[in-house]
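Asks:
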Amino acid sequence: MTTTIVVLFNLKPGVSPSDYEQWARTTDLPTVRNLNSIDQFSVLRTTGLLGSDVPAPYQYVELLVVKDMEQLGADVSSETMQKVAAEFQQFADNPQFMLTETV
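The numbering of the sequence shown is my numbering, which starts it at 292 and goes up by one.
#1: Roughly how many angstroms lie between the CA atoms of GLN313 and ALA376, to the nearest whole one?
#2: Do the CB positions of TYR349 and VAL334 come within less than 9 Å of each other?
#3: Taking the alpha-carbon of THR295 as reference, which of ALA383, LEU363 and GLU378 has the nearest alpha-carbon?
#4: Using the Cβ count rule (16 or more neighbours within 10 Å means buried), how would you classify ALA365?
#5: So the candidates are ALA383, VAL394 and THR393; which of them puts its Cα closest to the Cα of ARG336?
#6: Rounded to whole angstroms, what is the Cα-Cα separation between THR393 and PRO321?
#7: Would you mind reading off the limits of the alpha helix (DSSP H) that contains SER309?
#8: Leaving out five residues before and five after THR293 in sequence, what residues of the same chain have Cβ atoms less than 8 Å from its Cβ?
Structure representation (structure tokens):
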């Protein structure tokens, strides 16, 4: 069974969206997409709520389609991923990591 991890987050106060997005394009996306445990990884910027002028409750959404949760544990413990995770924590304000499965 495939697990998709949905990450919802806002940037920390003072963090520039352009700085975060540059880091996501040059570091986060290529590194995570290269993990053996990951089938797909995307970072999405929210643009609002459908049918409303109200902003979305989160600025960004990450979708990680995991092909092997056990392998993911090994992958995220690597030195490279520890560095990427630490950098992500400098940008993201209390990210919510939700585990999902297809119904």
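Built from N, CA and C at the ideal position, the CB exists for glycine as well.
Just so it is clear, the structure is predicted and the values come from calculations on it, not from any experiment.
Replies: Result, derived from the coordinates:
#1: On the sequence shown, position 22 is the one that residue 313 refers to. On the sequence shown, position 85 is the one that residue 376 refers to. Computed Cα separation, rounded: 16 Å.
#2: Residue numbering aside, residue 349 sits at position 58 when the sequence shown is read from its first letter. Residue numbering aside, residue 334 sits at position 43 when the sequence shown is read from its first letter. It is not a contact, given that the beta carbons lie outside the stated cut-off.
#3: What you label residue 295 is simply residue 4 of the sequence shown in a count that begins at 1. Ranking the options by Cα distance to THR295, first place goes to LEU363.
#4: Walking along the sequence shown from the start, residue 365 turns up at place 74. The residue is exposed, with fewer than 16 neighbouring Cβ atoms inside 10 Å.
#5: Walking along the sequence shown from the start, residue 336 turns up at place 45. Nearest C-alpha to ARG336: ALA383.
#6: If you number the sequence shown from 1, residue 393 lands on position 102. If you number the sequence shown from 1, residue 321 lands on position 30. The alpha-carbon atoms of THR393 and PRO321 are separated by roughly 25 Å.
#7: The residue you call residue 309 lines up with position 18 of the sequence shown. SER309 -> alpha helix (DSSP H) spans 308–314.
#8: The sequence position of residue 293 within the sequence shown is 2, counting from 1. If we look at THR293 and ignore the five residues flanking it on each side, its Cβ neighbours are ASP330, VAL356, VAL357, LYS358, GLU392 and THR393.
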